[in-house]
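K.L.:
Here it is, the structure, as structure tokens.
Protein chains in written order, with our numbering: chain A, 1443 to 1805; chain B, -18 to 287; chain C, 77 to 434.
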């Protein structure tokens, strides 16, 4: 069997809407098969995974809590990826944002004031921005591949966090345990509802998605972003600065990742810990793609990814499905989404049953 | 065995999986494909390798199992990035996610079991050689395979016709295609080779290094392998230096601690990444031969038109 | 018509009553684990405790568990989800679950919570831990007898009081046999990284250690000891299968008795929040069979276990000096639990410097 791609003249509008649906349907189908191999009733398992979390007000809130960092980061990454700048280091920028904001919180620990939280947010965004400045500078100045530099710097950021939480930022009264003091109320994100954990970060996420949507669709800068990505040569003719775009997109996404970091630390976590992210920065890359680099799409994509996490926990609690099944699920989902995206730009032709030489499959 | 030999052998076994996984990725990247899923393929190799070794009661089968597991996972990646022209970065990350999950499911039944590995009897004569004899004898077969692979890859890339084609595909797929080479097929083979190497490196971890299966046991070594390829600026013999340098740093920091020399652990753990960034910046900035080693089309999608 | 209604009502009532008698409802017990149950160490032993609860209470309990829960916001959601879905008792078994458990326990006053290794309690949140240091004192004594070089390699995770206390207890046990013995401590900054743990063990053996002990969770250091022909101790569970010729004994975390007694107390309505810190005398700490050592060493070890168990011996009894040589505990006194719980200093003779103890 040979799979050939034939470029469409213009992206298929039908497929833009249909491809995520196709991907999700195929994932559910494959997931159902996986569950029946595990000896579970497939429909029931899928219900527990994907529907049950939506039937209860608290879990709906949790969905938002989990989606908040994914959306904040994913929106910024969309701008990056649209402009053909590959920031893979959002995880590191998230962590640096968390550190910078926490430093403010711990410096003013015990003090009260409406200004503490805004200051933390600014510090968090700056922390992420500065960490993104490194790959941006390396790319603009030395032409160093930003995929690799931003990825490597992520691991450095994780080590910095580890060092700080075990050393300088550790709670002096915490018996040497690696954690900072619990943030004081003035340094904690206000909650949006009673009894839940949905916090101000969710508002940031929605606002930034809308703001970026306006930027992309209604401003010259947004036009510049898209042209730089799709037709770099045309962008040069139009007088757009390539380096300027490197800085703009990376710093913007870094700042949003940093904001996500401090929102998470000052929100559901409430203190600085050696690990503050279960890989949000990487998952957000998936979210950005799933949302087809469209800020509004990213909101839905973030919620869907959050659903797979929460559904996975549900399935563990109710059906004793091993936790690793969640990772498998997410991997499969992403695979199908990426494959279905191809349908937007290309027509897929499957040819050569027999006859023609076989392209692959012989190994 | 004297202390120097013992320490050296420890360094060898810490470096071997890095070297093997990085060699595989080097070939993949030389063909113009960036596969960020090394960690995922490695952990699958560790799970499949260990499962095969126990099931068939054979270390050889274990290593083969690891390679097959890694190659199968990389095949999914290949189909997506080659046939469906998907974004390589996102696909590679998905591969890691999938690999970690699947390996947990495969490895689960084999937790709590261990393997007794035996020394290589057939090489005992080399033990007579002064100084390096005990080292040669003490190294495990996979360490030798790592060296063989290194020489093979270096020869392949620099001296073979097929290697020339592979590099051409990585530098300029359009020209290679115009010249009549099947770009996608070359890249497919490169990706499968990379998957098998990562799988072998993972199997080495679970069969020789620890030796038992544990979830997430690769603990980031796949990412380090990825860093090493760049650190080595895509030159196989520099990869050897990089892998051994990093292996040595890992081991020697424990010796330093035992000898009361305190270096913040986090600083040591950051070193390979910082060094990689530094090397990348230097080679990107310079216009000399180092830059010529960088595959020009790394990470770019290629769709043959017909 | 009315007759039918009566019948239906009667039938309905019968069902209700039946339900009520069966409403000697099983107690629903949930466990939140930080690792996989297959880790053959920390989480595995807690899961053994869960199975013991099932075995002991049969149909009176229904248990469930969630594994690989990361410490942080996810933990709070999982714990809350368990509480909201009708679990009666929830045990959270990692230090990092402390603050989430406290928060959820305040929101669900009718649910009983138990948190392992923490120090924060509420009316419906109890804490429990083991005096592993008692076992480590015994290990130290065995090492003192079995080591020829007098050098022991200690693979350590993080410099928290639990680990520092263990190193101290081990050292004191060893000094009671061989006053000149040395400990080489290597911090691997991880609870579970088989590769690193093994490498650390190799490094210490290369520096002359002939007994390896660990406060990390994987069996890798034991495997290294087995290959290099030196001795080692198992961690958390009996790891003899990994090192049949190297394991001398192991400290076993046995949570079964504790979990069963807690569930029984909940069912009897006598449960109350407390801080349990159990040692040999409660069965929470147990030693694996003594292997690969002469009979007299085994007998000595067992005698020490008995003495600690009866209270005749306390691992931290005076005279006790700190690293700087200052007297910390006078002759005839023992270190109090408060100091033990926050221990962040070494006893005399340990040459390591505690990392980042600023």
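The beta-carbon is built from N, C-alpha and C at its ideal position, and this holds for glycine as well. Computed from a prediction, not measured in an experiment: that's the story for all the values here.
Touch check for the region 1721 to 1739 of chain A and the region 54 to 64 of chain B: three-plus C-beta pairs under 8 Å?
P.N.:
Touching, no, given that fewer than three Cβ pairs across the two stretches are closer than 8 Å.
K.L.:
Measuring alpha carbon to alpha carbon, tell me which residue in 1552/A, 1762/A, 1487/A and 1508/A is nearest residue 1474/A.
P.N.:
Within the first chain, numbered from 1, the residue matching residue 1474/A stands at position 32. It is 1487/A.
K.L.:
So residue 263/C is in the beta strand (DSSP E); what residue range does that whole segment cover?
P.N.:
Along the third chain, read from residue 1 onward, the residue named residue 263/C stands at position 187. Where residue 263/C is concerned, the enclosing beta strand (DSSP E) stretches over 258 to 263.
K.L.:
To which residues does DSSP link residue 1449/A through a beta bridge?
P.N.:
Working through the first chain from its first residue, we reach residue 1449/A at position 7. Residue 1449/A pairs with 1788/A.
K.L.:
Considering only their Cβ atoms, is the gap separating residue 364/C from residue 288/C smaller than 8 Å?
P.N.:
Locating residue 288/C in the third chain gives position 212, where the first residue counts as 1. Locating residue 364/C in the third chain gives position 288, where the first residue counts as 1. Cβ atoms of residue 288/C and residue 364/C: not closer than 8 Å.
K.L.:
Do residue 37/B and residue 188/B count as a contact pair if the criterion is CB distance below 8 Å?
P.N.:
In the second chain, residue 188/B corresponds to position 207, counting from 1. In the second chain, residue 37/B corresponds to position 56, counting from 1. Contact flag unset, no.
K.L.:
Report buried or exposed for residue -17/B, applying the criterion of at least 16 other Cβ atoms within 10 angstroms of its Cβ.
P.N.:
The sequence position of residue -17/B within the second chain is 2, counting from 1. Exposed, since its Cβ has fewer than 16 Cβ neighbours within 10 Å.
K.L.:
Which residues, in chain order, does the region 115 to 142 of chain B contribute to contact with chain C at a C-beta distance below 7 Å?
P.N.:
Residues: none.
K.L.:
Go through its chain and collect everything with a Cβ distance to residue 90/C's Cβ below 6 Å, but skip five positions before and after it.
P.N.:
The residue labelled residue 90/C in the question sits at position 14 within the third chain. Model confidence at residue 90/C stands at a pLDDT of 48, short of 50, so the residue's coordinates are unreliable and nothing is read from them.
K.L.:
Express the C-alpha separation of residue 171/B and residue 177/B in angstroms, rounding to a whole number.
P.N.:
Within the second chain, numbered from 1, the residue matching residue 177/B stands at position 196. Within the second chain, numbered from 1, the residue matching residue 171/B stands at position 190. Residue 177/B and residue 171/B: Cα-Cα distance of roughly 10 Å.
K.L.:
Excluding sequence positions up to five away, which residues of its chain have a Cβ less than 7 Å from the Cβ of residue 1749/A?
P.N.:
The residue labelled residue 1749/A in the question sits at position 307 within the first chain. Cβ neighbours of residue 1749/A beyond the five flanking positions: 1492, 1495 and 1505.
K.L.:
Show which residues of chain A have a CB atom less than 7 Å away from the CB atom of residue 197/C.
P.N.:
Counted from its first residue, the third chain places residue 197/C at position 121. By Cβ distance, chain A contributes nothing, its closest Cβ being about 15 Å from residue 197/C, past 7 Å.
K.L.:
Could you pull out every residue in the same chain whose Cβ sits closer than 6 Å to the Cβ of residue 290/C, ignoring the five residues on either side in sequence?
P.N.:
Here the question's residue 290/C lines up with position 214 in the third chain. For residue 290/C, where only same-chain residues beyond five positions count, the Cβ hits under 6 Å are 231, 297 and 311.
K.L.:
So for residue 417/C, helix, strand or coil by DSSP?
P.N.:
As a working note, residue 417/C is residue 341 in the third chain. Residue 417/C: helix per DSSP, three-state reduction.
K.L.:
Residues of chain E with a CB under 9 Å from the CB of residue 253/B: which are they?
P.N.:
Of the chains in the structure shown, none is chain E; the protein chains are A, B and C.
K.L.:
How many Å lie between residue 233/B and residue 193/C at the Cα?
P.N.:
Counted from its first residue, the second chain places residue 233/B at position 252. Counted from its first residue, the third chain places residue 193/C at position 117. Distance between the alpha carbons of residue 233/B and residue 193/C is about 33 Å.
K.L.:
If you measure between the beta carbons of residue 311/B and residue 127/B, is that distance less than 8 Å?
P.N.:
Residue numbering for chain B in the displayed model covers -18 to 287; residue 311/B lies beyond these limits and cannot be assessed.
K.L.:
Classify residue 1686/A as helix, strand or coil using the three-state DSSP reduction.
P.N.:
On the first chain, position 244 is the one that residue 1686/A refers to. Residue 1686/A falls in the helix class under three-state DSSP.
K.L.:
Which of the three DSSP states is assigned to residue 341/C in this structure?
P.N.:
Position 265 of the third chain, counted from the first residue, corresponds to residue 341/C. Looking at residue 341/C - three-state DSSP - the assignment turns out to be helix.
K.L.:
Exposed or buried, which one is residue 1455/A when buried takes at least 16 other CB atoms within 10 Å?
P.N.:
For this step, residue 1455/A is matched to residue 13 along the first chain. When all chains shown are included, residue 1455/A counts as exposed.
K.L.:
Between the C-alpha atoms of residue 141/C and residue 1762/A, what's the straight-line distance to the nearest angstrom?
P.N.:
In the third chain, counting from the first residue as 1, residue 141/C sits at position 65. In the first chain, counting from the first residue as 1, residue 1762/A sits at position 320. Taking the straight line from one Cα to the other gives about 8 Å.
K.L.:
Restricting to Cα atoms, I'd like to know which of 335/C, 110/C and 389/C is closest to residue 128/C.
P.N.:
As a position in the third chain, residue 128/C is number 52, starting the count at 1. When each option's Cα is compared against that of residue 128/C, the closest is 335/C.
K.L.:
Which same chain residues, not among the five before or five after residue 103/B, have their C-beta less than 8 Å away from its C-beta?
P.N.:
Counting from 1 along the second chain, the entry for residue 103/B is found at position 122. Any reading at residue 103/B needs caution, since the residue's pLDDT is 49, under 50, leaving its predicted position unreliable; the model's value is listed next. For residue 103/B, where only same-chain residues beyond five positions count, there are no Cβ hits under 8 Å.
K.L.:
Could you name the residues of chain C that residue 242/B contacts, counting a contact when the two beta carbons are closer than 7 Å?
P.N.:
Counting from 1 along the second chain, the entry for residue 242/B is found at position 261. Per Cβ cutoff of 7 Å: no residues; residue 242/B is ~10 Å from chain C at best.
K.L.:
Would you mind working out which of 1771/A, 1686/A, 1787/A and 1614/A sits nearest residue 1583/A, comparing C-alpha positions?
P.N.:
Position 141 of the first chain, counted from the first residue, corresponds to residue 1583/A. For the residues 1771/A, 1686/A, 1787/A and 1614/A, the minimum Cα distance to residue 1583/A belongs to 1686/A.
K.L.:
Does the ligand ATP have even one heavy atom less than 7 Å from the beta-carbon of residue 124/C?
P.N.:
Absence of the ligand ATP from the depicted structure is noted, as is the absence of any ligand whatsoever, leaving it without description.
K.L.:
Give the interface partners of residue 78/B over in chain A, defined as CB-CB distance under 9 Å, in chain order.
P.N.:
To locate residue 78/B, count along the second chain from 1; it is residue 97. Correct list: 1721, 1724, 1725, 1728, 1769, 1770, 1772, 1773 and 1776.
K.L.:
Is residue 68/C helix, strand or coil by DSSP?
P.N.:
Residue numbering for chain C in the displayed model covers 77 to 434; residue 68/C lies beyond these limits and cannot be assessed.
K.L.:
Nearest chain A C-beta to residue 429/C closer than 8 Å, yes or no?
P.N.:
Translated into the one-based positions of the third chain, residue 429/C becomes position 353. For residue 429/C, the answer is no, since every Cβ of chain A falls outside 8 Å of its Cβ.
K.L.:
Report the neighbours of residue 319/C on chain A: residues whose CB is nearer than 8 Å to its CB, in chain order.
P.N.:
Residue 319/C sits at position 243 when you count from the first residue of the third chain. Per Cβ cutoff of 8 Å: no residues; residue 319/C is ~28 Å from chain A at best.
K.L.:
With DSSP run on the structure shown, which of helix, strand or coil describes residue 448/C?
P.N.:
Any answer about residue 448/C is impossible in this case: the structure gives chain C only from 77 up to 434.
K.L.:
So, under 8 Å CB-CB, residue 137/C and residue 169/C are touching, yes? Tell me the CB distance rounded to an integer number of Å.
P.N.:
On the third chain, position 61 is the one that residue 137/C refers to. On the third chain, position 93 is the one that residue 169/C refers to. At roughly 17 Å, the Cβ-Cβ gap does not stay under 8 Å, so residue 137/C and residue 169/C are not in contact.
K.L.:
Could you tell me if residue -3/B is buried or exposed, where buried requires 16 or more neighbouring beta carbons within 10 angstroms of its beta carbon?
P.N.:
As a working note, residue -3/B is residue 16 in the second chain. With 16 or more Cβ atoms within 10 Å of its Cβ, residue -3/B is classed as buried.
K.L.:
Roughly how many angstroms separate the alpha carbons of residue 227/B and residue 1681/A, rounded to a whole number?
P.N.:
For this step, residue 227/B is matched to residue 246 along the second chain. For this step, residue 1681/A is matched to residue 239 along the first chain. Going from the Cα of residue 227/B to the Cα of residue 1681/A covers about 45 Å.
K.L.:
Please list, in chain order, the residues of the region 1736 to 1758 of chain A that have any C-beta partner in chain B closer than 7 Å.
P.N.:
Taking 7 Å as the Cβ-Cβ cut-off against chain B, none of the residues of the region 1736 to 1758 of chain A qualify.
K.L.:
Output yes or no for whether 8 Å exceeds the beta carbon distance between residue 224/B and residue 3/B.
P.N.:
Taking the second chain and counting its residues from 1, one reaches residue 224/B at position 243. Taking the second chain and counting its residues from 1, one reaches residue 3/B at position 22. Yes. Within cutoff.
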